[in-house]
Every structure is written in structure tokens, then in C-alpha cells.
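Engineer:
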Amino acid sequence: MRTTYRDAMRAALRQALADDPRVFLMGEDVGRYGGCFAVSLGLLEEFGPERVRDTPLSESAFVGAGVGAAMAGMRPIVEIMTVNFSLLALDQIVNNAATILHMSGGQFNVPLVIRMTTGAGRQLAAQHSHSLEGWYAHVPGLRVLAPATVEDARGMLAPALADPDPVIIFEHGSLYAMEGDLPDDTRPVELDHAAVRRPGRDLTLVTYGGCLPKVLAAADALSAEGVEAEVIDLRTLRPLDDDTLAESVARTHRAVVVDEGWRTGGLSAEVAARISEQCFWDLDAPVGRVGSAEVPIPYAKHMEEAALPQVDDVVAAALEAVS
Amino acid sequence: MTAPIPTAGQQPVTAADVELLRQMLRVRRFEERCVELYSSTKIRGFMHLYIGEEAVATGVVSCLGPDDAVVATYREHGHALVRGVPARSIMAEMFGRVEGCSRGRGGSMHLFDASTRFYGGNAIVGGGLPVAVGLALGDRMQGRDRVTACFFGEGAVAEGEFHESLNLAALWRLPVLFCCENNLYAMGTALELSESQPSLALKAAAYEVPAWTVDGMDVLEVRRAAAMAVEATRAGHGPHFLELQTYRFRAHSMYDPERYRDKGEVAHWRERDPIEALTGRLRAEGLVDDDVLAAMEQEVAAEVDDAVAFAEAGSDEPVEDLTRFVTSEDQR
Ligand SMILES: Cc1ncc(C[n+]2csc(CCOP(=O)(O)OP(=O)(O)O)c2C)c(N)n1
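Protein chains in written order, with my numbering: chain A, -1 to 321; chain B, 2 to 333.
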């Protein structure tokens, strides 16, 4: 079935709400407004205001309420409009959701799912464009997902809800309108493995989320130049699937990591370090990285484009790695 | 300490008030042009219009002195214009030009201008309030008798930062004028659906902040309330809070299906258009006539035309400058 990432996400939400009475969705404008990115459009009408709850502009309070409701036996799905606004709830996510199981000596688990958009590319400037998923991937106690395909948008929510611990799902804003094919029998996807989105022998391009389409385009361009890149979509940013990375790099001997975060202290640094640790003797070149320029994302189109990783940057980094 | 603003009967309108009309008209016509420019993709990103709410910024800012500071939200074209940020540099900013007031780095939501002490342009709901408290703290500690006017929507009242800021400002008796633009909806969420206690003035009163509820569609009322509040704030009586009851005539941002309010309600509020209301009163007193109004329209149109031409003729910042201003250049 042909569908969009947005509709796939909505279908997953609808199914979760229909299948389990403990599941409810809450967040700013998820109901009457239909979701700030129209993901939850129509769900209020279908499931009512108890289960599709509009919240006040109180990120810390409603994320914290999600933590509490999860511990009390519900399966909340909390939507935060964007990762930028999640900073107002950082305390609840990092100091509560991620720690309570451990702090309580294993007594209280927090089966909470938090969804939020991330990323740039729509000229929304520095308070609406950052990619901070790497920060969350830093924190033990959280599982961090980044669906990059329509199938993952459809399939990741169910296993996230089945997880006894907090899961954060990052939806890149530029993916919502992307179309893709969905198999008719929608099975939950498994979350433990990265996916090889394109096989190749000459180098490994590692990416996730909103950068996947760019990296696939770069791989096509490289192919035209006779370089066959393998493209790995991390899918789960915490815990990272070391085996898939190592297996690929052991074959290709070269790797470039591409993401929209800043490189300094970023997720790409972690991935590159892991490749170096695991594959040092297999590598024929230093692990390359392509990330955003180390600036707050600017508004002007040409400056925003210059700040973000582009297909050409990926191609150039790949060519350098194989040169 | 909560009180409806002391009434003095309807404010008499004087010749000087023609300037308030002119300011509101500048905002209205500027934004109407922005809509066209957005459709033709000259302006991009999120753009939030102030159309319908012009009396609020116009009335409040008319009471500020040149050394006072303004902190606003992403819905701040009007505040910037009436504060004296040139229309040219605002339009250029929205075009993403280097000649823009934020060098094209901010866009519609992040207008900044040091020369008018205009501190943004903040797109995190509630994010400006603590900053306003800090500006006032800095002024107070340096013995300046400045006031910081901080604008925010009623949606921000649900954020922790609202409560933390009011408390701190009151505790330290800081010269902040909190201006809550209550347009009834935070995106699609009505005030009653987000506040257990929808009286905003009561909330301010809980922090011992004097609070007045004001008809935000009547620029003369806004000015009267703001004048009193600014004076008291400047005199060292601590922060004051104005709830300015207003309405946005358009969508939350450029596109919005408006499933959350009905057309009748919008039509009802449109009948209270602050520009038409003041025009009517000025006319009735014989302070403006068709000729004066036509001349004013013409002058405003010329200003907007000039701003657009300036923005069109502007230049893109060289990409080599991308990493400038991440850290200060002066220290290096
Ligand atoms: C912390 C935070 N959460 C959510 C948003 C998304 N958002 C932008 S404007 C807005 C509504 C704010 O309403 P209000 O404060 O009443 O101001 P208005 O837009 O009506 O002027 C929301 C939810 C945001 N920008 N910042």
C-alpha cells in the first residue's frame, strides 16, 4: 500500500489506541488542532478526549504526568511538538523517566513512549530546527528510535509500547510528506538491529532519520562514479547495534557517518569511535563524518542549506574515504 | 491586588491620537503585504500575524521611553514596527537578507534590534519572560530607571517559566511590565481548556503583582492602562501585569485549518477591529476625514513599498560568514 510517513504514523497510533485500553495520547494540540504536524488528525473524533488529550503549554508537567501514568499502569504516548521544546521537559525525561527504575532498585519501571519531531530544512531558524536526539542517546535508561522509512514509522510504535522502559521516537520533520510502500500485513518491526538500506562493497555510509534519503541519493551518485556504498540506517540510536556496523565495515574497510547533529560531542562521534574501537585493524581510512556546521541553524535558505549536510557533502566525504 | 482597571469613562480622543491610528495602520498594511509575499514564497518558515491585535503593541509601546526594553514572541512584527525598528530592516529580515535586522539569521520569528533595545523575537513559548526579568535586574542593579516590557500570549501562562518569572520579579521588585496578549487561543487550545483558573489577573495577584484586565481592542484603553503601569513600574513599585484581551483575526501561523473556533466568533471579533474603532472615533470628533485617511494610507503604502524594494534589492550573506557570531568577534 502506498502511503506517507505521516499517515503511517497515524495508522500506528490508531492501532495502538484501538488495541490497548491503557494506551492514550497526550500533548499540545494533539486533539482539536489535529496535531501540529497533522499526525493525530481525526484521532480525537475517533477515540474521544479522555484518550486523545490536549494539554496546556506545560512540557515539563505533561511529560512528568506521562512518567507517573506509566508507573500507575497506563501506556501513555506523549507528543512533544519538537525536540527544541523538549528541553523544557528535559528534567522529567533525564532525571525521572530514565532513572526511576535504577534508583528504585528495579521496583518501578516507566513504560512511557515520547514522540517528537526533530531536524531542520524548513527555514524555521534556530529555535525550531535543531537535532538533539544525540543528547537523549547519551542517557542510560532510555531507548531512542529514529524511524526513517514509512515502514518504520508504521512499525516502531507497537514494539516501543511493548517495551517496559521509556522510549523516545524522533520523527524528522522533513519526512512526514515522504511516500513509501507499506506491506499489507503490518507487523511490528524489531528494534534491535540497524538496517542495511543498500548493499555495497566499497564503503559504509552510516546514518539515520532525516539524513537517510540524502545518503541514499549520495549512494546513487557515487554508484555513477563507480563507488558502491553500503548504506546503514541505525534506526535505534540507543542502544546502538554494534554488530551490524562492524560486520559491514569489516567488508568495506571504510566508513563515513552522516547525521544532522553537530559533530562536537555528537552521536556521529560516538558511532565513529565505536567503529574505530571495533574495526581498527579492518580500516583502510580514517572514519569520516558529515554533520551540521557548528552554528545555530540560520533562517536564510542559502545559509540553512550551507549549515546542513547535503548530498554533495556526503559524496565528497565518501570519495575522500575511498581515495 | 487584582482590580479591573480603574475606569475614567471612555477616554477622550485627541488630535495626538491620530498617531496611534497611523502606527496600527503601519502594522496592518505591512502584514497584509507579508501575506502576499509569503504566498509568492519570498518569505518562508513560520510566520505569525498580529492582524487584529495591533492595539496592544501600539498602546503599550507608545508609553515606553527610548531606553526601555522590549521582549516579544514570534508574533512580533507589530511590536518591532511600533518600537521603531525600520520597516526596511524587518522586511529584509523576512527575506533572509543580510541587511535584515538579524542579518537574515532569524527570520520572522526572531527580530532583534539593539538600537531600540528590542530583544527578540523568541519562539519558545514562555522563553522571553526570564530574559525580561534579567534585563530588569541588570537595569536595577546599575541604578537605571528603565522598564522592560515583556509580551507573551496567554498560552505561556501554563509554562513554568511564567510562574517562576513573576515570582522572581515580584520578589526582587524588578521593573518588568508583563503584557499578556490574551487572544483566547494558544494555537488550537482555548484558554478554558488549558487553565483550571482562567482569570489571568488572579494568577499574577497570587505573586503580589498588581494586575489589570484591559480591553485590548481599544488602543486608548491600552495606552491608559500601560501609562499607569509603566509609571508605577518605573517608580520602583515592582512588576505590573496587564491582561490585554484581544483576538487574532487570522490563523495561528500562515496555514491552519481553524478547526478549533467557529466563523461566527471570528466575525464577531472582526466587528471590534481596533483600527476601525479608532478611525470611527477620530472621525466623529472631526480629527480625521477622508483626505487625511487617504493621505495616511498613501504614506503607509509608500513605507511598505519601500521596505519591499529594499528587501528585494538586498543581498544574501556570503556563505563564508556562516560561522560568524557563534562566539563574539570582539574578544578575538
Ligand atoms: C515551549 C514551546 N512549546 C510549544 C511551542 C509551539 N507553539 C508555538 S506558538 C504556540 C501557541 C502559543 O499561544 P499563545 O502563548 O497564546 O500565543 P499566541 O500564539 O496566541 O500569540 C505553540 C503551542 C513553542 N513554540 N514553544
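In this text, a Cβ means the ideal position worked out from N, Cα and C, and glycines have one as well.
Does the Cβ of R260(B) lie closer than 7 Å to at least one heavy atom of ligand 1?
Structural biologist: As a working note, residue 260(B) is residue 259 in the second sequence. It does not: the Cβ of R260(B) is nowhere closer than 7 Å to a heavy atom of ligand 1.
Engineer: Between R336(B) and P237(A), what straight-line distance do the alpha-carbon atoms span, to the nearest angstrom?
Structural biologist: Missing from the structure shown is residue 336(B); chain B here goes from 2 to 333 and no further.
Engineer: I believe M1(B) touches Y31(A) by the beta-carbon criterion, under 8 Å. Please report the beta-carbon distance rounded to the nearest angstrom.
Structural biologist: Shown here, chain B extends from 2 to 333; a query on residue 1(B) therefore has no answer.
Engineer: Can you list, in chain order, the residues of its chain whose CB lies under 8 Å from that of N183(B), leaving out five sequence neighbours each side?
Structural biologist: For this step, residue 183(B) is matched to residue 182 along the second sequence. In chain order, G154, E155, L192, L201, G217, E244, L245, Q246 and T247 place their CB closer than 8 Å to the CB of N183(B), counting only its own chain and leaving out the 5 sequence neighbours on each side.
Engineer: Assuming E149(A) contacts V81(A) (C-beta within less than 8 Å), just tell me the rounded distance between them.
Structural biologist: Here residue 149(A) refers to the residue found at position 151 of the first sequence. Here residue 81(A) refers to the residue found at position 83 of the first sequence. Actually they are not in contact, since the Cβ atoms of E149(A) and V81(A) sit about 23 Å apart, beyond 8 Å.
Engineer: Under 8 Å by Cβ, that's how I've got G161(B) and S58(A) pegged, so tell me the actual separation to the nearest angstrom.
Structural biologist: Position 160 of the second sequence holds residue 161(B). Position 60 of the first sequence holds residue 58(A). Indeed, because the Cβ distance is near 6 Å, the residues count as touching under 8 Å.
Engineer: Which chain A residues are close to Y261(B), counting only those with a beta carbon under 8 Å from its beta carbon?
Structural biologist: Here the question's residue 261(B) lines up with position 260 in the second sequence. The contacting residues are R30 and Y31.
Engineer: Restricting to Cα atoms, I'd like to know which of G144(B), F152(B) and A115(B) is closest to L130(B).
Structural biologist: Start at 1 with the first residue of the second sequence, and residue 130(B) comes out as number 129. It is F152(B).
Engineer: By the three-class DSSP mapping on this structure, what secondary structure does V61(A) have?
Structural biologist: As a working note, residue 61(A) is residue 63 in the first sequence. Correct three-state label for V61(A): helix.
Engineer: Determine, using beta carbons only, whether E318(B) comes closer than 8 Å to chain A.
Structural biologist: Looking up residue 318(B) in the second sequence gives position 317. Yes - at least one Cβ of chain A is within 8 Å of the one on E318(B).
Engineer: With a floor of 4 residues, list each alpha helix (DSSP H) that falls wholly inside the stretch 129 to 171 of chain B, ordered by position along the chain.
Structural biologist: For secondary structure counted as the alpha helix (DSSP H) over 4 or more consecutive residues, the stretch 129 to 171 of chain B holds these complete runs in sequence order: 129 to 142.
Engineer: Going along the stretch 25 to 49 of chain B in order, which residues come within less than 8 Å of chain A, judged by CB to CB distance?
Structural biologist: Cβ contacts with chain A come from R45, G46 and F47.
Engineer: Can you give the beta carbon distance from E177(A) to T2(A), rounded, assuming they're within the 8 Å contact cut?
Structural biologist: Along the first sequence, one-based indexing puts residue 177(A) at 179. Along the first sequence, one-based indexing puts residue 2(A) at 4. The Cβ separation is near 5 Å, so the contact holds.
Engineer: Alpha carbon to alpha carbon, what distance is there between D218(A) and D310(A)?
Structural biologist: The count along the first sequence starts at 1 and reaches residue 310(A) at position 312. The count along the first sequence starts at 1 and reaches residue 218(A) at position 220. The straight-line gap from Cα to Cα measures roughly 12 Å.
Engineer: Does ligand 1 have a heavy atom nearer than 7 Å to the CB of D374(A)?
Structural biologist: Residue 374(A) cannot be examined here, being either before or after the span of chain A that is shown, -1 to 321.
Engineer: Identify every residue that forms a DSSP beta bridge with G286(A).
Structural biologist: Translated into the one-based positions of the first sequence, residue 286(A) becomes position 288. Assignment of beta-bridge partners to G286(A) by DSSP yields V254(A).
Engineer: Does the CB of E323(B) have a neighbour CB from chain A at under 8 Å?
Structural biologist: As a position in the second sequence, residue 323(B) is number 322, starting the count at 1. The question names Glu, yet the displayed sequence has Leu at residue 323(B). Yes, L323(B) lies at the interface with chain A (some Cβ there is under 8 Å from its Cβ).
Engineer: By Cβ distance below 8 Å, which residues in the same chain neighbour I91(B) in space, the five residues on each side in sequence not counted?
Structural biologist: In the second sequence, residue 91(B) corresponds to position 90, counting from 1. Here the set comprises F31, H78, A81, L82, G101, C102, L112 and A308.
Engineer: So, using beta-carbon positions, are I166(A) and V142(A) closer together than 8 Å?
Structural biologist: Along the first sequence, one-based indexing puts residue 166(A) at 168. Along the first sequence, one-based indexing puts residue 142(A) at 144. Yes, they are a contact pair.
Engineer: Can you tell me whether E77(B) sits near ligand 1, meaning its C-beta is under 7 Å from at least one heavy atom of the ligand?
Structural biologist: Indexing the second sequence from 1 puts residue 77(B) at position 76. Answer for E77(B): no, Cβ out of range of ligand 1.
Engineer: Could you confirm whether any beta carbon from chain A is found closer than 8 Å to the beta carbon of L130(B)?
Structural biologist: Counting from one through the second sequence, the residue named residue 130(B) turns up at place 129. Closer than 8 Å: no.
Engineer: Please name the residues in the stretch 109 to 130 of chain B whose beta-carbon is closer than 9 Å to at least one beta-carbon of chain A, in chain order.
Structural biologist: S109, M110, H111, N123, A124, I125, V126, G127 and G128
Engineer: At a CB-CB cut-off below 9 Å, which residues of chain B make contact with A120(A)?
Structural biologist: For the purposes of this step, residue 120(A) is taken as residue 122 along the first sequence, with counting starting at 1. Note that residue 120(A) corresponds to Arg in the displayed sequence, not to Ala. By Cβ distance, chain B contributes R45, G46 and F47.
Engineer: Closest Cβ-Cβ distance between V72(B) and chain A: below 8 Å?
Structural biologist: As a working mapping, residue 72(B) is identified with position 71 in the second sequence. No, its Cβ sits nowhere closer than 8 Å to a Cβ of chain A.
Engineer: Which residue wins for smallest C-alpha separation from S116(B), given the options P87(B), F179(B) and E277(B)?
Structural biologist: Here residue 116(B) corresponds to residue number 115 of the second sequence, with the count starting at 1. The option with the nearest alpha carbon to S116(B) is P87(B).
Engineer: Does ligand 1 have a heavy atom nearer than 7 Å to the CB of M255(B)?
Structural biologist: Mapped onto the second sequence, residue 255(B) falls at position 254. No.
Engineer: Is the closest heavy atom of ligand 1 to the C-beta of A63(A) under 7 Å?
Structural biologist: Within the first sequence, the letter at position 65 stands for residue 63(A). Result no, Cβ not under 7 Å from ligand 1.
Engineer: Run through chain A and tell me which residues come within less than 9 Å of E196(B), C-beta to C-beta.
Structural biologist: Reading the second sequence from its first residue, position 195 is the one you call residue 196(B). In chain order: P54.
Engineer: Ligand 1 and Y297(A): does the residue's C-beta get closer than 7 Å to at least one heavy atom of that ligand?
Structural biologist: Start at 1 with the first residue of the first sequence, and residue 297(A) comes out as number 299. No.
Engineer: Taking the straight line between their C-alpha atoms, what separation do you get for I276(B) and R106(B)?
Structural biologist: Residue 276(B) sits at position 275 when you count from the first residue of the second sequence. Residue 106(B) sits at position 105 when you count from the first residue of the second sequence. Distance between the alpha carbons of I276(B) and R106(B): 32 Å.
Engineer: Check whether the Cβ of G79(B) lies closer than 8 Å to any Cβ atom in chain A.
Structural biologist: As a working mapping, residue 79(B) is identified with position 78 in the second sequence. Answer no: the Cβ-Cβ gap between G79(B) and chain A never drops below 8 Å.
Engineer: Where does M114(A) land, buried or exposed, given buried means 16+ other C-beta within 10 angstroms?
Structural biologist: On the first sequence, residue 114(A) is found 116 positions in, with the first residue counted as 1. Its Cβ being crowded by 16 or more others within 10 Å, M114(A) is buried.
Engineer: Taking the alpha helix (DSSP H) that R30(B) belongs to, which residues open and close that run?
Structural biologist: The residue given as residue 30(B) occupies position 29 in the second sequence. Counting along the chain, R30(B) sits inside the alpha helix (DSSP H) bounded by residues V19 to S40.
Engineer: Under a CB-based cut-off of 8 Å, is P7(B) close to chain A?
Structural biologist: By 1-based counting over the second sequence, the position of residue 7(B) is 6. Below a pLDDT of 50, predicted positions are generally treated as unreliable, and P7(B), at 49, falls in that range; the measurement from the model is reported next regardless. Judged by the 8 Å Cβ criterion, P7(B) is not in contact with chain A.
Engineer: In this structure, how does DSSP classify A298(A) when only helix, strand and coil are distinguished?
Structural biologist: As a first step, residue 298(A) must be located in the first sequence, where it is residue number 300. Of the three classes helix, strand and coil, the one that applies to A298(A) here is coil, per DSSP.
Engineer: Would DSSP call W173(B) helix, strand or coil?
Structural biologist: Within the second sequence, numbered from 1, the residue matching residue 173(B) stands at position 172. Here W173(B) sits in coil by DSSP.
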